[in-house]
Amino acid sequence: MGKYTVLLFAFLTFSLLHENAIAGDKVPYIVYLGEPPSVEAGIDLLLHRTTIANSHFKLLGSILGTLQAAQDAIFYSYTKNINGFAAKIDKETADKISKSDGYVGSNSLWSKAGYGKDTIIGNLDTGVWPESESFADDGMGDVPSGWKGICQNDVDTTFTCNKKLIGARYFNKGYEAYVGPLNSTFRTPRDKDGHGTHTLSTAGGAFVANASLFGHGNGIAKGGSPHARVAAYKVCWPPVDGGECFDADILAAFDAAISDGVNVLSVSLGGDPVDYFNDGIAIGSFHAVKNGIKVVCSAGNSGPTAGSVSNVAPWIFTVGASTMDREFPAYVSFGNTSLKGQSLSSTSLAEGKYPIISSIDAKAANASAHDAQLCFIGSLDPAKVNGSIVICTRGTNARVEKGEAVLQAGGVGMILINSASTGNEIIADAHVLPATHITYSDGETLLSYLKPNSMVLGYVTKPETVLNTKPAPFMAAFSSQGPNTVTPDILKVSV
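In mature numbering (1 follows the signal peptide of the UniProt record, and there is no 0), the protein residues as written are -23 to -1, 1 to 472.
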């Protein structure tokens, strides 16, 4: 019976608005509306472009209150090969434009899609948290008449669906056949892991104003198709023997989703590439595509190893992971040296002098050096860690879990360093204590300062939000890479 793990998933999004402002400031914004309408036969080109420009004034004027205000604000109208405009407006106005159903030009691709209006996106994952604002149904009309799915809440009565989250089911018989009888807490599509809520909101989450992660990255959150309807199919459960999503449950979910009437299936699961006839995702997606359903899967998180890409069946649209043009720098400072890392910690250390120690040197008596280096829970000696900033190495266990191990042992902060295999890719995580993630080369520099019978003192700064960073986007190092090891003569492209 095949087993899979959940993967970080990047759903294609269409950027409509770029902003870099705080409330009250008037700064330049670009409102991108896709392609301009085609010129009808007999229509003067200049008149055609003037009509497009007037539509820009009308659009912004409907928000600002008058056409004159819009004309004063707009300093570029793009009317030739691009449809859109640039205007100096405040964040409140930009937020209103982002939420407006009718602001996209009448002939743009985004307008035709209507932000994915009434498209039904099904998601095979760890379920969904229905109370998330990403699944609020404010202003949504009736559920499409072709929908035949259900909201499976016969045991968990706290779970509810609405006009946005129109369906949810759970499939656990394959998992149960492997682990043994399950109690009633497993009979719910509720997401107790978080991954399914993350991937489904990325694909079809509604507009959510004033979103941030512990105050970082303030702005509007939305999915790739914010006006789509969504449905959750819970097929993944607590990990056992390296797997958490079983072929039997995955195929049952595909079978149900096809009958329910979904238009798109998002499947952020994967494992080692295998022959298609032994791959539940390949088989299930084949039948979905045969029924006119687009299937989007993740490429995998096993990069940069060559040939590690999963979901390589040619009928699947496979998506890799890439970066964004923003950073959340947090620095580790010691002596006259300051090393730049990334973090989304909600807490920070006051500027001061805290001992910086290696987790290997803080090994608990009953722990292995390997476990201590990776900062497994219980591998660190509280007597050695108390009041210190601990250096942990990336790998095997979750990055945030390493900080939890340090915190449990009495540490005040963590510096996460890469191994040689993970190189210079660093990731901003919501750590449970002041922490930062630095590159392999910077980690080597830091470790070189640690000498026997001497102490290095330092601190970790509070993370900041920096926009418009370059180069971006580029493929993340952990994103799985080709070639397609199942069918080498088919090029599998991750985007």
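Note that beta-carbon positions come from the ideal geometry of N, C-alpha and C, so glycine has one too. Fair warning: this is a prediction, and the values are worked out from it, not measured in the lab.
| Check | Outcome |
| --- | --- |
| For residue 209, three-class secondary structure by DSSP | strand |
| Proximity to residue 226 [Cα-Cα], best of 166, 328, 200 and 174 | 166 |
| Cross-strand partners of residue 331 (DSSP beta bridge) | 435 |
| Cβ-Cβ separation, residue 141 to residue 183 (assumed contact under 8 Å), whole Å | 6 Å |
| CA nearest to the CA of residue 202, picked from 243, 321 and 348 | 243 |
| Entirely enclosed beta strand (DSSP E) segments - the region 258 to 296, minimum 3 residues | 271 to 275 and 294 to 296 |
| Alpha-carbon to alpha-carbon, residue 348 and residue 400 | 20 Å |
| Three-way DSSP call (helix, strand, coil) for residue 396 in this model | coil |
| Span of the beta strand (DSSP E), counted from its first residue to its last, around residue 195 | 193 to 198 |
| Cβ pair residue 152, residue 129 closer than 8 Å | no |
| Euclidean distance between Cα positions of residue 240 and residue 56 | 33 Å |
| Per-residue burial, residue 49 [other beta carbons within 10 Å of its own, 16 or more giving buried] | exposed |
| Collapsed DSSP secondary structure at residue 474 in the structure displayed | Shown here, the chain extends from -23 to 472; a query on residue 474 therefore has no answer. |
| Short Cβ contact (8 Å threshold) for residue 212 with residue 101 | yes |
| Residue 15, DSSP secondary structure in three states | coil |
| Residues bridged to residue 299 (per DSSP) | 452 |
| Boundaries of the beta strand (DSSP E) in which residue 359 is found, first to last residue | Here residue 359 belongs to no beta strand (DSSP E); instead the alpha helix (DSSP H) covers 359 to 362. |
| Coarse secondary structure for residue 99, derived from DSSP in three states | strand |
| Residue environment, residue 99, which counts as buried when at least 16 other CB atoms sit within 10 Å | buried |
| Validate contact between the region 307 to 325 and the region 427 to 444 using beta carbons, cut 8 Å, 3 pairs | yes |
| Status (buried if at least 16 other CB within 10 Å, exposed otherwise) for residue 116 | exposed |
| Bridge-paired residues (DSSP) for residue 369 | 393 |
| CB contact flag (residue 198, residue 188, <8 Å) | yes |
| DSSP-derived helix/strand/coil call for residue 374 | strand |
| Those residues which DSSP pairs with residue 67 across a bridge | 3 |
| Those residues which DSSP pairs with residue 474 across a bridge | The requested residue 474 is not part of the displayed model; the chain covers only -23 to 472. |
| Close-in-space but distant-in-sequence residues of the same chain around residue 389 (CB under 8 Å, 5 per side omitted) | 326, 331, 364, 365, 366, 410 and 411 |
| The region 444 to 451 contacting the region 290 to 306, beta-carbon criterion three pairs below 8 Å | yes |
| Assumed close pair residue 35, residue 23 - CB separation to whole angstroms, cut-off 8 Å | With 8 Å as the limit, residue 35 and residue 23 do not qualify as a contact, their Cβ atoms being about 19 Å apart. |
| Residue 30 versus residue 16 - alpha carbon distance | 14 Å |
| Beta-carbon proximity list for residue 25, same chain, < 7 Å, skipping 5 on both sides | 16 |
| Extent of the continuous beta strand (DSSP E) run through residue 185 | 185 to 190 |
| Burial state of residue 161, where buried means 16 or more other Cβ atoms lie within 10 Å | exposed |
| Option nearest residue 248 by Cα separation, candidates 465, 345, 457 and 32 | 457 |
| Option nearest residue 206 by Cα separation, candidates 276, 264, 170 and 92 | 92 |
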